[in-house]
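Below: the structure, in structure tokens.
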Amino acid sequence: MNNRTIKMELLPTLAPVYGGGLIVAFLPEDYVLPENIRAFAIFKGSKQRQLTEARVSVEDNAFHAVIPDHEPPEEVEVSVYIQLPSGEGDTIASERFTYYLDQTCYLARYLAASVHKLESLEDWDYIQGPNFSLEQEDFSTLDERLTSAFQHLILPLDWNLLGDHDELIPRETLFHFAARLGLSTFVTLLLEKNGAQECLALRNRHNELAESIARERGFEGLADLITDPHAHGVIRWESKEQIGPTTVLKQHSFGTISTSSHPYLDTWPPIEKEIEALTATSLPPSSSLPLRYNMNSTWDEALEESPSSRTQSMFHSESYDSEFASPDSLF
């Protein structure tokens, strides 16, 4: 294959560190793609590299993929690697892409730290204020974004929904918070955490259970989930499998699979091994991406839903060095 790497156009050009949006990579119009290929998007940063399979769109000379999560927030290189039916493969195009911290990231970190401070979730003036702009939130997507952002956090192994408090003191818990906003997907993630069962039984200072708050606000399905999680077949938000010394295979709840790797002694694991793991785990992408990224929607809709449609002032490269930079600073 030709070893020349060409420039491509990315849409969008930036995303929050928890990923999850749609990215489209456009090749030059005069570039002729080989037939019957499989394609992979590679996101390579300073400390982490992700691979995920992309759908080939011959009519647009483009590739469609779901953006994986990444740390730290930084500019990375996105490359497209194609594999021929013979198994031969090569990187054909690359472009720069930016991961940033958005207000959903900061909200997730505030919520994770709140378990150690009993009054944190009662301060709705602060939660709705400029730090998180909850009053201006798009609640149609908040549940999924917040769940992804919380899943992305590197929490201590002993992190517990009850925090450091052994006594079951009445308080506003993360389940109460989720019940007020109807965050059912977020609840499925919380149900996996240490202290979930005890936390579900906690009443707040107004003697309310999370379940009763959900029903009062009309979230009957969420109330039923909180009342009896096991009866509703709650599944894991994300599963991980170690496939190499520094490489993990991740399967996401919305149907995509990716690998995440780190360099060892300044050497990255062979890309071919990760591609082999991806192709062994999944069939080639069909003509449509998973339901939440169905390409029957227009490009305008994809753009409207992408993080790049938000103001770029939310991206601050120095944020990674802030008080939220590490799990230790949260607790």
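Okay, so the sequence shown: first residue is 230 according to this note's numbering, each after it adds one.
From the three backbone atoms N, C-alpha and C, an ideal C-beta is built for every residue, glycine too.
Ignoring anything shorter than 4 residues, give me the alpha helix (DSSP H) runs that lie fully in the stretch 414 to 490, in order along the chain. 425 to 429, 439 to 445, 449 to 456
What is the rounded straight-line gap between the Cα of D331 and the Cα of G249? Here residue 331 refers to the residue found at position 102 of the sequence shown. Here residue 249 refers to the residue found at position 20 of the sequence shown. If you take the alpha carbons of D331 and G249, they lie about 13 Å apart.
For L451 versus G411, is the C-beta distance shorter than 9 Å? As a first step, residue 451 is located in the sequence shown; it is residue number 222 there, counting from the start. As a first step, residue 411 is located in the sequence shown; it is residue number 182 there, counting from the start. Cβ distance < 9 Å, so L451 and G411 count as in contact.
Residues bridged to K273 by DSSP? By one-based count along the sequence shown, residue 273 stands at place 44. Note: K273 sits in a beta bridge opposite R278, E306.
Going by DSSP, what residue range makes up the beta strand (DSSP E) through R374? Taking the sequence shown and counting its residues from 1, the one referred to as residue 374 is at position 145. Here R374 belongs to no beta strand (DSSP E); instead the alpha helix (DSSP H) covers 368 to 381.
Where D354 falls: helix, strand or coil (DSSP): One-based indexing of the sequence shown puts residue 354 at position 125. Correct three-state label for D354: helix.
N-terminal and C-terminal residue of the beta strand (DSSP E) that S323 is part of: The residue you call residue 323 lines up with position 94 of the sequence shown. Counting along the chain, the beta strand (DSSP E) containing S323 begins and ends at 318 to 329.
What are the partner residues of T496, as DSSP defines its beta bridges? Start at 1 with the first residue of the sequence shown, and residue 496 comes out as number 267. Paired residues: Y493.
Expressed to the nearest angstrom, what Euclidean distance is found between the alpha-carbon atoms of A509 and E282? Within the sequence shown, residue 509 is the residue found at index 280, counting from 1. Within the sequence shown, residue 282 is the residue found at index 53, counting from 1. Looking at the two C-alpha atoms, the distance is approximately 12 Å.
Taking buried to mean at least 16 other C-beta atoms within 10 Å of its own C-beta, is T370 buried or exposed? Numbered from 1 along the sequence shown, position 141 holds the residue referred to as residue 370. Under this definition T370 is an exposed residue.
Tell me the residue span of the alpha helix (DSSP H) that contains F406. Within the sequence shown, numbered from 1, the residue matching residue 406 stands at position 177. Where F406 is concerned, the enclosing alpha helix (DSSP H) stretches over 403 to 410.
Opening and closing residue of the beta strand (DSSP E) in which L240 lies: For this step, residue 240 is matched to residue 11 along the sequence shown. Segment 238 to 240, the beta strand (DSSP E) holding L240.
Can you grab the Cα-Cα spacing for the pair T402 / C428, in whole Å? Position 173 of the sequence shown, counted from the start, is the residue given in the question as residue 402. Position 199 of the sequence shown, counted from the start, is the residue given in the question as residue 428. T402 and C428: Cα-Cα distance of roughly 7 Å.
Name the two residues that bound the continuous beta strand (DSSP E) containing L256. Sequence index remark: in the sequence shown, residue 256 carries index 27 (1-based). Neither: L256 is in no beta strand (DSSP E) and is coded neither H nor E.
Could you give the first and the last residue of the continuous beta strand (DSSP E) run that contains L243? Within the sequence shown, the letter at position 14 stands for residue 243. Segment 243 to 245, the beta strand (DSSP E) holding L243.
Distance check for L350 and N436, CA to CA, integer angstroms please. Position 207 of the sequence shown, counted from the first residue, corresponds to residue 436. Position 121 of the sequence shown, counted from the first residue, corresponds to residue 350. Whole-angstrom Cα-Cα distance: 15 Å.
Bridge partners for V287 per DSSP, in chain order? Sequence index remark: in the sequence shown, residue 287 carries index 58 (1-based). Its beta-bridge partners do not exist; DSSP assigns none.
I believe S487 touches T475 by the beta-carbon criterion, under 8 Å. Please report the beta-carbon distance rounded to the nearest angstrom. Taking the first residue of the sequence shown as position 1, residue 487 is located at position 258. Taking the first residue of the sequence shown as position 1, residue 475 is located at position 246. Contact flag wrong, Cβ pair sits at about 15 Å.
Have a look at I235, F404, E324 and flag the residue whose alpha-carbon is nearest the alpha-carbon of T456. Stepping through the sequence shown from its first residue, residue 456 is reached at position 227. Of the candidates I235, F404, E324, the one whose C-alpha sits nearest the C-alpha of T456 is F404.
On the three-state DSSP scale, how would you describe R338? The sequence position of residue 338 within the sequence shown is 109, counting from 1. Here R338 sits in helix by DSSP.
Distance between T485 and T320 (C-alpha atoms, nearest Å): Numbered from 1 along the sequence shown, position 91 holds the residue referred to as residue 320. Numbered from 1 along the sequence shown, position 256 holds the residue referred to as residue 485. So the two alpha carbons sit approximately 21 Å from each other.
Please tell me whether C334 and Y247 are closer than 9 Å, where the distance is taken between their beta carbons. Position 105 of the sequence shown, counting from 1, holds the residue named residue 334. Position 18 of the sequence shown, counting from 1, holds the residue named residue 247. It is a contact, given that the beta carbons lie within the stated cut-off.
In chain order, what residues of the same chain lie with their CB nearer than 6 Å to the CB of E324, ignoring the 5 residues before and after it? As a first step, residue 324 is located in the sequence shown; it is residue number 95 there, counting from the start. Result list for E324: M237, L239, V307, in chain order.
Which one of A337, E303, G318, L243 has the shortest CA to CA distance from N265? Counting from 1 along the sequence shown, the entry for residue 265 is found at position 36. Nearest option by C-alpha distance: G318.
Look up Q332 in the DSSP assignment and give the residues it is bridged to. Your numbering for residue 332 matches position 103 in the sequence shown. Answer is none; Q332 lacks a bridge partner.
Sorted by chain position, which residues of the same chain lie with C-beta nearer than 6 Å to I311's C-beta, five sequence neighbours on each side aside? Residue 311 sits at position 82 when you count from the first residue of the sequence shown. Excluding residues within five positions, the ones whose Cβ falls inside 6 Å are I266, A268, I321.
Pull up the distance between the alpha-carbon of E637 and that of F361, whole angstroms please. For residue 637 there is no data in the structure shown, the boundaries of the chain being 230 and 560.
Spatial neighbours of A439 within its chain, please: C-beta separation below 6 Å, excluding the five flanking residues on both sides. In the sequence shown, residue 439 corresponds to position 210, counting from 1. Closer than 6 Å at Cβ, skipping near neighbours: F404, H405, A408, I455.
Check I504 in the structure and name its three-state DSSP category. Taking the sequence shown and counting its residues from 1, one reaches residue 504 at position 275. Note: I504 maps to helix in three-state DSSP.
CA nearest to the CA of P458, picked from P241, A294, A430: What you label residue 458 is simply residue 229 of the sequence shown in a count that begins at 1. Taking only the C-alpha atoms, the option nearest P458 is A430.
Return the chain-ordered list of same chain residues with a C-beta closer than 7 Å to the C-beta of L397, the five sequence neighbours on each side being excluded. The count along the sequence shown starts at 1 and reaches residue 397 at position 168. Cβ within range, chain order: E427, L431.
Using the C-alpha atoms, what's the distance from V309 back to R233? Working through the sequence shown from its first residue, we reach residue 233 at position 4. Working through the sequence shown from its first residue, we reach residue 309 at position 80. Cα to Cα, the separation comes out at about 12 Å.
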